[in-house]
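Using our numbering, the first residue of the sequence shown is number -15, and each one after it goes up by one. Here is the structure we will look at.
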Amino acid sequence: MRGQRQARPRELWLLFAQTVTIVLALLFVYALVAPGGGFGREQPAAIDGQLSFSASLRRIMPSVVSIRTGGSDGPLADGFGIGSGVIVDAAGHILTNHHVIENSDDITVITGQGLSLDAEVLGSDPATDLAVLRVFPEEPLAAASFQDRRAPVQVGDVVMAVGSPYGLPSTASLGIVSAVGRSALGLSRYEHFIQTDAAINHGSSGGALTNVHGELVGISTALFAREHQGVYAQGIGFAIPAELAEAAYAQILAHGKFRRGWIGLRLGDINPLSARFSNVVDAWLVKGVEPNSPSERAGIEPGDLLLAINGRPPSQISFIEEATGELLRPGSEIELSLQRSTDLFAVTVRVYER
């Protein structure tokens, strides 16, 4: 009769490792669902069996303000002279849309607590439709937190729009991210919008689009109001990505405006015919060269293909770099790699401030 088989050291080690893994997994789940869990982030909670985002909204709502400009009147104003904004630091800086405060001298900010404050425009950028206001509170304001850039917004993410539609303060709506990177809408020069079906209406512009933790993922900016055969589009709203909004805040705080470089090129996507003829796919087509610009002086011509900037092709250059001026820094020199017909060449141009 055989005796009982003795456990070998390797088997004991595997058993130990599996046990530790299970314990750590249970602790992780507990950290997410326990009150105050989620490693310091607000989590959706189940209240009487129903999913609730109340804790997340309590986090963001004190940071969302109503904005009134000269000409608005009453809590249900028709959209003229009303908007929303997001407090981004305790000292009183507020992000909103350029179109909310454009050509306005009389601007009032009303906090979620009902505090009314006169505001001044610190800086504005029509190219991104962003602006920064400054108020002077007697006590520090509640500032919003931005979502971690390492966790980008994805299609299907649950989001909440918070603002003052039609002048109704602290209004929240729920939806999902329907698409990212929307462009060519004719709303601003630099477009890379988050599309959502969370309700965005007149007066919501400049308000917050947040994730389920109450962190800022975008600035609400527009709704799709087109009509087809008597039926208006529904559930199509757009928000400026928080990464671009945060960059606007930093630049305007430092310089009073966005500092962008200029080399005098007007670029477009390469068309299939040019791509087939030149055997190039990853490139920009030079559609125009401004007179007396650095690019004209360097000999660049319409029809050339721009293959790379400082060795980086278009596919490796992000929208944020282009929109914020990181790509073309005023005062710097850059190398442009180009193709004309079948000839390759490179030029160095100096970047001037636009």
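Note that the Cβ used here is the ideal one computed from N, Cα and C, for glycine as well. These numbers come from a predicted model, not from an experiment.
Compute the Euclidean distance between the alpha carbons of residue i and residue j, then round it to the nearest angstrom.
| i | j | result |
| --- | --- | --- |
| L320 | A259 | 19 Å |
| L237 | G107 | 8 Å |
| T326 | P225 | 39 Å |
| P298 | D102 | 44 Å |
| L200 | L41 | 11 Å |
| S68 | A229 | 14 Å |
| I301 | Q179 | 22 Å |
| K241 | E305 | 16 Å |
Please report the residue range of the alpha helix (DSSP H) in which residue i lies.
| i | result |
| --- | --- |
| R260 | P256 to S262 |
| I44 | S38 to I44 |
| E285 | That residue, E285, is in no alpha helix (DSSP H); it is neither H nor E in DSSP. |
| E310 | That residue, E310, is in no alpha helix (DSSP H); it is neither H nor E in DSSP. |
Run through DSSP, which three-state label would residue i get?
| i | result |
| --- | --- |
| V335 | coil |
| F303 | helix |
| S167 | coil |
| Q138 | coil |
| V84 | helix |
| I78 | strand |
| S321 | strand |
| G295 | coil |
| A330 | strand |
I'd like to check one pair, residue j with residue i: are the Cβ atoms closer than 8 Å?
| i | j | result |
| --- | --- | --- |
| E337 | G219 | no |
| S279 | L312 | no |
| S157 | G191 | no |
| V137 | G159 | no |
| I51 | T80 | yes |
| E113 | L152 | Position check: residue 113 holds Asp in this sequence, whereas Glu was assumed. Not in contact: D113 and L152 (Cβ atoms no closer than 8 Å). |
Which residue or residues does DSSP assign as beta-bridge partners of residue i?
| i | result |
| --- | --- |
| I203 | A192 and I224 |
| V265 | Its beta-bridge partners do not exist; DSSP assigns none. |
| F177 | R166 |
| L101 | V93 |
| S157 | A145 |
| D113 | Looking at the DSSP assignment, D113 forms no beta bridge with any residue, so it has no partner. |
| I66 | R52 |
Along the chain, where does the beta strand (DSSP E) containing residue i start, and where does it finish?
| i | result |
| --- | --- |
| R250 | L249 to D253 |
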